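Undergrad:
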Amino acid sequence: NAGVTQTPKFQVLKTGQSMTLQCAQDMNHNSMYWYRQDPGMGLRLIYYSASEGTTDKGEVPNGYNVSRLNKREFSLRLESAAPSQTSVYFCASTPTVNTEAFFGQGTRLTVV
Amino acid sequence: QKEVEQDPGPLSVPEGAIVSLNCTYSNSAFQYFMWYRQYSRKGPELLMYTYSSGNKEDGRFTAQVDKSSKYISLFIRDSQPSDSATYLCAPLGLFTGGGNKLTFGTGTQLKVEL
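As you go down the protein sequences, you meet chains P and L in turn.
Its first residue numbered 1, the first sequence is counted upward by one per residue in the working numbering.
Its first residue numbered 1001, the second sequence is counted upward by one per residue in the working numbering.
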């Protein structure tokens, strides 16, 4: 069982470059989420998709865009990377409401 | 005010100690209260959860919720070095558009020393 798979695991970008973080889940979950985790800040929600075809902003959406490509895949795009976006990014999914979230292994992104 | 407050630690205890990890929250609408455990360089994994007020025990772990004071606790008995991780509390709400609203505390880093 793969669960939630994120690619890439590591990435170094130069300021101003763009990139897309990929996330796929094979558990037929309805909802998917993108978080960033910074020291002392916990997990902060960037965007989420409650169901296929819908996306909404979370706590820290500025500088990011998302696409719910289908039920399995939810991508996060940085159009013009900034050093403040250096972080560990986690994708998560949940099957229905009031249930646990399953997380990917994270993407460590450094913007120089 | 943040919705969930958690002491980030780090907390260092000797093997066998009883550990108490705590969170406070501000949103009285939260009904489910989850604890996630995150090992270094890994994604969080659900450890246990409780519904509404009361206690729930799972082996060496006990989760406790006091909704009147908006206080969440996780107790670890007979702590082991393998318990060394970051523990995140996560009260669960619902987005108006559907889907789970997972609001995480900052996490408490725990180290259990031999």
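Ideal Cβ positions, reconstructed from N, Cα and C, are used throughout, including at glycine.
These numbers were taken from a predicted model, which means no experiment stands behind them.
#1: Any residues in the region 75–109 of chain P with a beta carbon nearer than 9 Å to a beta carbon of chain L? Which ones, in chain order?
#2: Between the Cα of Ser1102 (chain L) and those of P:Gly106, P:Ser80, P:Tyr48, spot the shortest distance and give me the residue it belongs to.
#3: Give me the chain P residues within the contact set of Lys1111 (chain L), using Cβ-Cβ distance strictly less than 8 Å, ordered along the chain.
#4: For Met27 (chain P), count neighbouring Cβ atoms within 10 angstroms of its own Cβ and tell me buried if that reaches 16, exposed if not.
#5: Around the C-beta of Gln1006 (chain L), are 16 or more other C-beta atoms found within 10 angstroms, so that it is buried, or is it exposed?
#6: Please list the partners that Lys1042 (chain L) has in chain P, where partner means a Cβ-to-Cβ separation under 9 Å.
#7: Are Cys1085 (chain L) and Gln1038 (chain L) touching if we call contact CB-CB under 9 Å?
#8: Let me check understanding here. Comparing Cα to Cα, which of P:Thr55, P:Ser84, P:Ser31, P:Cys23 lies closest to Gly16 (chain P)?
#9: Tell me which same chain residues have a C-beta within less than 6 Å of the C-beta of Phe74 (chain P), skipping the five on either side of it?
#10: Is there at least one Cβ from chain P nearer than 9 Å to Leu1046 (chain L)'s Cβ?
#11: According to the Cβ coordinates, are Ala92 (chain P) and Met19 (chain P) closer than 9 Å?
#12: What does Leu984 (chain L) touch in chain P if you count any residue whose Cβ is under 9 Å from its own?
#13: What residues of chain L sit near Ser67 (chain P), judged by a beta carbon separation below 9 Å?
#14: Using 10 angstroms around the beta-carbon of Pro1014 (chain L), count the other beta-carbons present and answer buried if the total reaches 16, otherwise exposed.
#15: Are the beta-carbon atoms of Gly1016 (chain L) and Leu1110 (chain L) separated by less than 9 Å?
#16: Exposed or buried, what is Ile1076 (chain L) when buried is set at 16 or more other beta-carbons lying within 10 Å of its beta-carbon?
#17: Skipping 5 residues on each side, what residues in its chain have a beta carbon closer than 6 Å to that of Asp1058 (chain L)?
#18: Pull the bridge partners of Ala92 (chain P) from the DSSP assignment, please.
#19: Please list the terminal residues of the continuous beta strand (DSSP E) segment that includes Gly53 (chain P).
#20: Just the chain P side, please: which residues come within less than 7 Å of Gly1105 (chain L) by C-beta, in chain order?
#21: Counting contacts by CB-CB distance shorter than 9 Å, is Tyr33 (chain P) in contact with chain L?
#22: Taking its Cβ as the centre, do 16 or more other Cβ atoms sit within 10 Å of Leu1072 (chain L), making it buried, or is it exposed?
#23: Residues of chain P with CB under 7 Å from Pro1008 (chain L), in chain order?
TA: Quick answer:
#1: Within the region 75–109 of chain P, the qualifying residues are Val88, Phe90, Cys91, Ala92, Thr94, Thr96, Val97, Asn98, Thr99, Glu100, Ala101, Phe102, Phe103, Gly104, Gln105, Gly106, Arg108.
#2: As a working note, residue 1102 (chain L) is residue 102 in the second sequence. The question names Ser, but residue 1102 (chain L) is Leu in the sequence shown. Of P:Gly106, P:Ser80, P:Tyr48, the residue nearest in Cα terms is P:Tyr48.
#3: Taking the second sequence and counting its residues from 1, the one referred to as residue 1111 (chain L) is at position 111. Simply none; closest approach about 16 Å.
#4: The count along the first sequence starts at 1 and reaches residue 27 (chain P) at position 27. Met27 (chain P) is exposed by the Cβ-count criterion.
#5: Position 6 of the second sequence, counted from the start, is the residue given in the question as residue 1006 (chain L). So Gln1006 (chain L) ends up on the buried side.
#6: As a position in the second sequence, residue 1042 (chain L) is number 42, starting the count at 1. Under the 9 Å cutoff, chain P gives Phe103, Gln105, Gly106.
#7: The count along the second sequence starts at 1 and reaches residue 1085 (chain L) at position 85. The count along the second sequence starts at 1 and reaches residue 1038 (chain L) at position 38. Inspection of the sequence shows that residue 1085 (chain L) is occupied by Ala rather than by Cys. Taking the C-beta atoms as reference points, Gln1038 (chain L) is found nearer than 9 Å to Ala1085 (chain L).
#8: Locating residue 16 (chain P) in the first sequence gives position 16, where the first residue counts as 1. When each option's Cα is compared against that of Gly16 (chain P), the closest is P:Ser84.
#9: Residue 74 (chain P) sits at position 74 when you count from the first residue of the first sequence. Here Phe74 (chain P) has Cys23, Met32, Ser49, Arg68 as same chain residues with Cβ atoms under 6 Å from its own Cβ, once five neighbours each way along the sequence are excluded.
#10: The sequence position of residue 1046 (chain L) within the second sequence is 46, counting from 1. Using beta-carbon distances, Leu1046 (chain L) counts as an interface residue toward chain P, with a partner under 9 Å.
#11: Sequence index remark: in the first sequence, residue 92 (chain P) carries index 92 (1-based). Sequence index remark: in the first sequence, residue 19 (chain P) carries index 19 (1-based). Met19 (chain P) is positioned such that its CB atom lies no closer than 9 Å to that of Ala92 (chain P).
#12: Past the edges of chain L, shown from 1001 to 1114, lies residue 984 (chain L), and the structure says nothing about it.
#13: Within the first sequence, the letter at position 67 stands for residue 67 (chain P). Within chain L, no residue comes near Ser67 (chain P); the closest Cβ sits about 17 Å away, beyond 9 Å.
#14: Along the second sequence, read from residue 1 onward, the residue named residue 1014 (chain L) stands at position 14. Its Cβ having fewer than 16 others within 10 Å, Pro1014 (chain L) is exposed.
#15: For the purposes of this step, residue 1016 (chain L) is identified with residue 16 of the second sequence, where counting begins at 1. For the purposes of this step, residue 1110 (chain L) is identified with residue 110 of the second sequence, where counting begins at 1. Using a Cβ distance threshold of 9 Å, Gly1016 (chain L) and Leu1110 (chain L) do not count as a contacting pair.
#16: For the purposes of this step, residue 1076 (chain L) is taken as the residue at position 76 of the second sequence. The residue is buried, with at least 16 neighbouring Cβ atoms inside 10 Å.
#17: Taking the second sequence and counting its residues from 1, the one referred to as residue 1058 (chain L) is at position 58. Met1048.
#18: The residue given as residue 92 (chain P) occupies position 92 in the first sequence. DSSP output for Ala92 (chain P) lists P:Tyr33, P:Phe103 as bridge partner(s).
#19: If you number the first sequence from 1, residue 53 (chain P) lands on position 53. Boundaries cannot be given for Gly53 (chain P), as no beta strand (DSSP E) includes it and DSSP labels it neither H nor E.
#20: Taking the first residue of the second sequence as 1, we reach residue 1105 (chain L) at position 105. Those within 7 Å of Gly1105 (chain L) in chain P are Gly42.
#21: As a first step, residue 33 (chain P) must be located in the first sequence, where it is residue number 33. Tyr33 (chain P) belongs to the set of residues whose beta carbon lies under 9 Å from a beta carbon in chain L.
#22: Counting from one through the second sequence, the residue named residue 1072 (chain L) turns up at place 72. The question names Leu, but residue 1072 (chain L) in the sequence shown is Ile. Ile1072 (chain L) comes out buried.
#23: Working through the second sequence from its first residue, we reach residue 1008 (chain L) at position 8. Identification of chain P residues near Pro1008 (chain L) by a Cβ-Cβ cut-off of 7 Å yields Gly40, ordered along the chain.
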